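Take any residue in the sequence shown, count from 1 to its spot, add 58: that is its number in our numbering. For every residue, glycine included, the Cβ atom is placed at its ideal position computed from N, Cα and C. Treat the numbers as computed from the prediction; the structure is a model and nothing was measured. Scroll down for the structure; my scribbles are underneath it.
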Amino acid sequence: MGDEKSDEQIVLDRVTPRFGSAEAAIKWFEEEPLPGLSGATAKQLVVQGRVREILDYIDAIDEGGYA
59 MGDEKSDEQI VLDRVTPRFG SAEAAIKWFE EEPLPGLSGA TAKQLVVQGR VREILDYIDA
119 IDEGGYA
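Below, the structure is given as C-alpha cells:
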C-alpha cells in the first residue's frame, strides 16, 4: 500500500498545473484562505479530513464558479 498518495499530495497534484510550479501550489495550499470553506487554507482542511470539499471547490472553480 505504499503507492497510495497522501491527502496533501492528492490536492497538490490537482492544483500544481494551475499554478505552473510546485512552489506556487504549496504556497497556495499553506497560505491561501478558501472562500466558502470557512476561510481555512487547504492545509487546514486536509488536517480536518475535508479533502473532498477542497476537490469540490477546485472543480467548481474549473467549471466557472467564483472563489
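With a threshold of 16 other CB atoms inside 10 Å of the CB of residue i, please say whether the residue is buried or exposed.
i	result
Ala118	exposed
Val105	exposed
Ala100	buried
Ala80	exposed
Ala83	buried
Here's a check: name, in chain order, each residue in its chain whose Cβ is nearer than 6 Å to the Cβ of residue i, leaving out the five neighbours to either side.
i	result
Lys85	none
Val73	Ala83
Glu66	Val104
Can you confirm whether residue i, when its beta carbon is compared against all beta carbons of chain B, has any partner nearer than 8 Å?
i	result
Glu111	You won't find chain B in this structure, because it holds only one protein chain.
Does the separation of the CB atoms of residue i and residue j fall below 8 Å?
i	j	result
Ala87	Leu113	Per the sequence shown, the amino acid found at residue 87 is Phe instead of Ala. No, they are not a contact pair.
In its own chain, which residues sit with a C-beta less than 7 Å from the C-beta of residue i, not counting the 5 before and 5 after it?
i	result
Ala98	Pro91 and Leu92
On the DSSP letters alone, give me the boundaries of the alpha helix (DSSP H) that residue i sits inside.
i	result
Thr74	Asp65 to Phe77
Ala100	Ala100 to Val105
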